[in-house]
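J.: The sequence shown lines up with residues 247 to 492 when you count with my numbering. Every residue gets a Cβ at the ideal spot worked out from N, C-alpha and C, and that includes glycine. Predicted, not measured: the structure shown is a model, and the values here were computed from it. Input: one structure, supplied below.
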Amino acid sequence: MLITSVDNLKVAEVVKLADKKYRKSMSRYVIEGARLIADAIKNGADIVSVFVSESVAANFNYDNQIIVTDKVFAKMSDTVNSQGILAVVNKKVGCRNVAKGNCLVFDGLQDPGNVGTLMRTAVACGFSDIYAVNCVDIYSPKVLRSAMSAHFCLNLHESNSLSEVFESLDGFEIIACDMSGESVFKRKFENNVALVLGNEGNGLSQYSKSNADYCVSLPMENGFESLNVAVAGSVIMYQVFSQSLK
Numbered sequence: 247m248l249i250t251s252v253d254n255l256k257v258a259e260v261v262k263l264a265d266k267k268y269r270k271s272m273s274r275y276v277i278e279g280a281r282l283i284a285d286a287i288k289n290g291a292d293i294v295s296v297f298v299s300e301s302v303a304a305n306f307n308y309d310n311q312i313i314v315t316d317k318v319f320a321k322m323s324d325t326v327n328s329q330g331i332l333a334v335v336n337k338k339v340g341c342r343n344v345a346k347g348n349c350l351v352f353d354g355l356q357d358p359g360n361v362g363t364l365m366r367t368a369v370a371c372g373f374s375d376i377y378a379v380n381c382v383d384i385y386s387p388k389v390l391r392s393a394m395s396a397h398f399c400l401n402l403h404e405s406n407s408l409s410e411v412f413e414s415l416d417g418f419e420i421i422a423c424d425m426s427g428e429s430v431f432k433r434k435f436e437n438n439v440a441l442v443l444g445n446e447g448n449g450l451s452q453y454s455k456s457n458a459d460y461c462v463s464l465p466m467e468n469g470f471e472s473l474n475v476a477v478a479g480s481v482i483m484y485q486v487f488s489q490s491l492k
């Protein structure tokens with residue numbers, strides 16, 4: 247069947263999912279591109295439907311794929327140079343409330359590129375969970391593109407309450423990443439850790455600073471006082487990871 251109308255109910259749902267409030271209320275999000283969809287399938291993501299543009303339909307053979315005209319697909323797509331394929335995915339339901347391994351806590355991060363980069367590094371370093379607290383929508387198209395399939399390899403938790411997240415991490419070393427802390431290279435990490443990373447402009451909230459077990463920082467020379475949060479967070483994650491390899 248070929249869908250030719252942008253008013254089709256299936257098409258309308260995809261268009262609505264461009265809005266954060268619909269992603270939240272429907273517990274679904276949209277991914278675009280053959281690579282991302284292949285990775286989602288490989289990692290067992292709950293794919294609801296796959297839509298393919300008519301002009302490239304012969305290039306794909308997914309179960310129950312839905313073919314739409316190029317004009318309709320353009321209405322559904324968020325990318326400028328689309329490959330002509332996208333999928334609707336259900337968010338994970340009932341994933342663990344408590345992390346099973348090392349995790350990240352995003353304390354108010356707002357830049358999609360930073361969030362996506364940190365998620366990719368978390369996967370590479372064997373972290374299991376992300377807690378996004380008062381954060382940019384981790385299912386937004388920009389974060390999805392930046393994260394490059396990391397969504398399918400992590401347990402993702404969204405929250406508006408740092409106190410609830412900290413309480414759920416009982417037994418973890420909660421480590422605030424802040425320039426006031428000691429050098430991360432002097433620390434031994436013997437238990438599962440929760441690294442807390444603060445907002446790009448304002449840094450960590452006072453709650454995180456006051457309730458973390460301790461703070462770590464990266465030593466810097468030449469008068470530098472800060473690094474991009476994605477760079478700093480990635481270096482610290484690799485320091486934690488390196489100790490697990492010994």
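My guess is that F435 and V486 are in contact by the Cβ rule of under 8 Å, so how many angstroms apart are they, rounded?
T.: On the sequence shown, position 189 is the one that residue 435 refers to. On the sequence shown, position 240 is the one that residue 486 refers to. About 5 Å separates the two Cβ atoms, so the contact holds.
J.: Looking at the secondary structure, which residues open and close the beta strand (DSSP E) in which G444 lies?
T.: Indexing the sequence shown from 1 puts residue 444 at position 198. Element bounds for G444: V439 to G444.
J.: With H, G and I counted as helix, E and B as strand and the rest as coil, what does DSSP make of A258?
T.: For the purposes of this step, residue 258 is taken as the residue at position 12 of the sequence shown. DSSP places A258 in helix when its eight states are reduced to three.
J.: So, V351 versus A393, is the Cβ gap smaller than 9 Å?
T.: Taking the sequence shown and counting its residues from 1, the one referred to as residue 351 is at position 105. Taking the sequence shown and counting its residues from 1, the one referred to as residue 393 is at position 147. Not in contact: V351 and A393 (Cβ atoms no closer than 9 Å).
J.: Hey, is the segment 441 to 460 in contact with the segment 407 to 425, meaning 3+ C-beta pairs nearer than 8 Å?
T.: Below 8 Å, enough C-beta pairs join the segment 441 to 460 and the segment 407 to 425 to call them touching: three or more.
J.: I'd like the list of long-range same chain contacts for Q489, defined as Cβ closer than 8 Å, with 5 residues on each side in sequence excluded.
T.: As a position in the sequence shown, residue 489 is number 243, starting the count at 1. For Q489, where only same-chain residues beyond five positions count, the Cβ hits under 8 Å are K434 and F435.
J.: Is the number of C-beta pairs between the segment 291 to 308 and the segment 325 to 342 that are closer than 8 Å three or more?
T.: yes
J.: For L390 versus Y275, is the C-beta spacing smaller than 9 Å?
T.: On the sequence shown, position 144 is the one that residue 390 refers to. On the sequence shown, position 29 is the one that residue 275 refers to. Their beta carbons are under 9 Å apart, which means L390 touches Y275 by this criterion.
J.: Just to confirm the assignment: which complete beta strand (DSSP E) runs, minimum length 3, are found wholly within the segment 401 to 481?
T.: Taken in chain order, the whole beta strand (DSSP E) runs of length 3 or more contained in the segment 401 to 481 are 401 to 405, 419 to 429, 439 to 444 and 460 to 463.
J.: Ignore the nearest five residues each way along the sequence and tell me which others in G330's own chain have a CB closer than 7 Å to its CB.
T.: Locating residue 330 in the sequence shown gives position 84, where the first residue counts as 1. So the list reads V298, S299, S301, V302 and F319, once near-sequence residues are dropped.
J.: Output yes or no for whether 9 Å exceeds the beta carbon distance between L441 and L450.
T.: Counting from one through the sequence shown, the residue named residue 441 turns up at place 195. Counting from one through the sequence shown, the residue named residue 450 turns up at place 204. No, these two residues do not count as a Cβ contact at 9 Å.
J.: Quick one: what's got a C-beta closer than 8 Å to K388's C-beta in the same chain, skipping five residues either side?
T.: Taking the sequence shown and counting its residues from 1, one reaches residue 388 at position 142. The answer, listed in chain order, is P358, G359 and G362.
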